[in-house]
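Asker:
The structure is reproduced here in structure tokens:
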């Protein structure tokens, strides 16, 4: 049996109502983490008032030895 290690990645958003982030940067960061064995488990946004997205949070896991 093996155990899991978890980490989070937080993306700050831009734009008047938030919700905008650099997709190419996100792809590069996820690919780099994937090379290190990290796997994306889930992603969600954090909202300000009226549904404006402030941050996007990604949770990743990898098997520990």
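Numbering (my numbering), first residue to last: 103 to 167.
Note that CB positions come from ideal geometry on N, CA and C, so glycine has one too.
Predicted model only: the values in this text are computed from it and were never measured.
(1) In chain order, what residues of the same chain lie with their CB nearer than 8 Å to the CB of residue 141, ignoring the 5 residues before and after it?
(2) Where does the unbroken alpha helix (DSSP H) through residue 137 begin, and where does it stop?
(3) Please name the residue or residues paired with residue 106 in a DSSP beta bridge.
(4) Output the distance between the C-alpha atoms of residue 117 and residue 128, rounded to the nearest integer angstrom.
(5) Using only the alpha-carbon positions, how far apart do residue 167 and residue 105 sit?
Answerer: Looking at the coordinates:
(1) Start at 1 with the first residue of the chain shown, and residue 141 comes out as number 39. Within the same chain, residue 141 has close Cβ partners 162, 163 and 164.
(2) For the purposes of this step, residue 137 is taken as the residue at position 35 of the chain shown. Residue 137 -> alpha helix (DSSP H) spans 125-137.
(3) Here residue 106 corresponds to residue number 4 of the chain shown, with the count starting at 1. 165, per the DSSP bridge assignment.
(4) Counted from its first residue, the chain shown places residue 117 at position 15. Counted from its first residue, the chain shown places residue 128 at position 26. Residue 117 and residue 128 have their C-alpha atoms spaced approximately 17 Å apart.
(5) Mapped onto the chain shown, residue 167 falls at position 65. Mapped onto the chain shown, residue 105 falls at position 3. Looking at the two C-alpha atoms, the distance is approximately 8 Å.
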